[in-house]
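Residues in the sequence shown are numbered from 38 upward in steps of one, following this note's numbering. Where is the CB? At the ideal position from N, CA and C, for every residue including glycine. Predicted, not measured: the structure shown is a model, and the values here were computed from it. One structure is given here, and the rest of the page talks about it.
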Amino acid sequence: MGKRRVQSKQIRRQMRQIKPKPQAAQPTAAQQRRQRERYVESGGFLQGYAPEFVMRLGYISAGVAVISLLVIVELILGPLAPKGLPVRIVASAAWLVPVVFLVSFVAPGVRLAWKDLHTQPKVVQGQLLGASTVSTSFGLGMIMLRTRSGNEQFFCPPEKLAKVPGNVVPVVLSVTPNLRHVRTVSVMGQRQVGRPEPPVPEVVRRLRLLPIATPAALALTAILGDDVTAFLPFQPEALHAVLALAVGAVLAGGVFGVSFLYQRRLVAEAQALVPGGVG
């Protein structure tokens, strides 16, 4: 009986000494800021795309910017311009919105793509943590490695992930230094397990279209609201110009607000989604 009492006391003492496992630490504000800076430094929403594709996109964007500038000249000096100089200035200013978006979002990526075309890719080696042919970037998959510097995530063309297994194996990537585009994927190791590909969630399909749809919708609503109001007969000219500017700004602000709330909802739904697990 005495031994049993001692053993029960020891068990109770051990139970009291057991501490719950600490929860994973949330990223600090500095870490989140660094992640955002790294995202912007790697091309923003163009991160992971091939430099050749980004350069072609830059040429198309330059053409759109030239057309916008020609429309601005027409609205100020041409015969199809609205009446009154203040109204013409306001009507033409709306066409600066697509130019500003292209310069802000596409031009940095083009600059990085130009550097990558003249720079040798770097080699990244690590243990495979997960992979998926679907990501939040349109047309790109995702691969995650554990490297010496920590866990790293790369956007990758889906066709290059076809031979990536579902178990933990060494993987070697050839990555461009600026846009972080994955040129090649080499899988090392003998024993490899097939990686199942789950169906693409609808929330991911909608989420990866937002970076493209939101700026386009903002520019379109600003131009339509501004220019349609500018061509309406209204006096005096100064009030007409203010009204045209206000209509364009209100419509663009409404689109931005709806898009922001919609994106927050989609992000909340997609937070539980992770790349294909490693078995």
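- Span of the alpha helix (DSSP H) around Met92: DSSP places Met92 in the uninterrupted alpha helix (DSSP H) bounded by Pro88 to Leu114.
- Query: What separation, rounded to the nearest whole angstrom, lies between the Cα atoms of Leu298 and Met225?
  - Reply: If you draw a straight line from the Cα of Leu298 to the Cα of Met225, it comes to about 44 Å.
- Message: Closest to Pro135 by C-alpha separation, out of Arg125, Lys197 and Ala254, would be which residue?
- Response: Answer by Cα proximity: Ala254.
- Task: Using the Cα positions of Gly167 and Asn215, report the straight-line distance between them to the nearest angstrom.
- Result: Take the alpha-carbon of Gly167 and the one of Asn215: they are about 23 Å apart.
- Task: Could you pull the start and end residues of the alpha helix (DSSP H) that Pro123 belongs to?
- Result: Segment Leu122 to Ala130, the alpha helix (DSSP H) holding Pro123.
- Compute the distance between the beta-carbons of Thr251 and Ser296, then report whether it is under 7 Å. Yes. Within cutoff.
- Query: Which partner residues does Leu210 have in the DSSP bridge list?
  - Reply: Leu210 has Val161 and Val222 as its beta-bridge partners, per DSSP.
- Among Val237, Leu303, Ala275 and Lys200, which residue has its Cα nearest to the Cα of Ile354? The structure shown does not extend to residue 354, since the chain is modelled only from 38 to 316, so the question has no answer here.
- Taking one C-beta from the segment 131–145 and one from the segment 177–184 each time, how about it: are there three or more such pairs within less than 8 Å? No, the segment 131–145 is not in contact with the segment 177–184.
- Endpoints, beta strand (DSSP E) assigned at Gly234: The displayed chain sequence assigns Glu, not Gly, to residue 234. Going by DSSP, Glu234 is part of no beta strand (DSSP E) at all; its letter is neither H nor E.
- Item | DSSP state of Leu166 mapped onto helix, strand, coil | Note: Leu166 maps to strand in three-state DSSP.
- Query: Do the CB positions of Ala267 and Val140 come within less than 7 Å of each other?
  - Reply: Cβ distance not < 7 Å, so Ala267 and Val140 don't count as in contact.
- Message: Our contact map puts Arg232 next to Val201 with C-beta atoms below 8 Å; I'd like the distance itself, whole angstroms only.
- Response: About 6 Å separates the CB atoms of Arg232 and Val201; that is less than 8 Å, so the two are in contact.
- Query: So, Val237 versus Val304, is the Cβ gap smaller than 7 Å?
  - Reply: If you check the CB distance, Val237 and Val304 do not come in under 7 Å.
- Distance, Pro270 Cα to Tyr86 Cα: Computed Cα separation, rounded: 47 Å.
- Task: Reducing DSSP to helix, strand and coil, say where Gly187 ends up.
- Result: Strand.
- Contact check, Asp264 vs Ala128, beta carbons under 7 Å: Cβ distance < 7 Å, so Asp264 and Ala128 count as in contact.
- In three-state DSSP terms, what is Gly178? Gly178 sits in a strand when the DSSP states are folded into three classes.
- Pro248 and Ala150: beta carbons closer than 7 Å? Their beta carbons are not under 7 Å apart, which means Pro248 does not touch Ala150 by this criterion.
- Query: Is Phe192 helix, strand or coil by DSSP?
  - Reply: In the structure shown, Phe192 falls within a strand segment according to DSSP collapsed to helix, strand and coil.
- Message: Under DSSP, the alpha helix (DSSP H) around His277 begins and ends at which residues?
- Response: Glu274 to Ala307 is the extent of the alpha helix (DSSP H) around His277.
- Residues near Gly163 by beta carbon distance below 6 Å, same chain, minus five either side: Within the same chain, Cβ atoms closer than 6 Å to the Cβ of Gly163 are found at Leu182, Arg183 and Thr184, the five residues on either side in sequence being excluded.
- Query: From which residue to which residue does the alpha helix (DSSP H) around Pro145 run?
  - Reply: Ala144 to Leu154 is the extent of the alpha helix (DSSP H) around Pro145.
- Counting along the chain, where does the alpha helix (DSSP H) carrying Val265 start and finish? First-last of the alpha helix (DSSP H) with Val265: Leu247 to Ala267.
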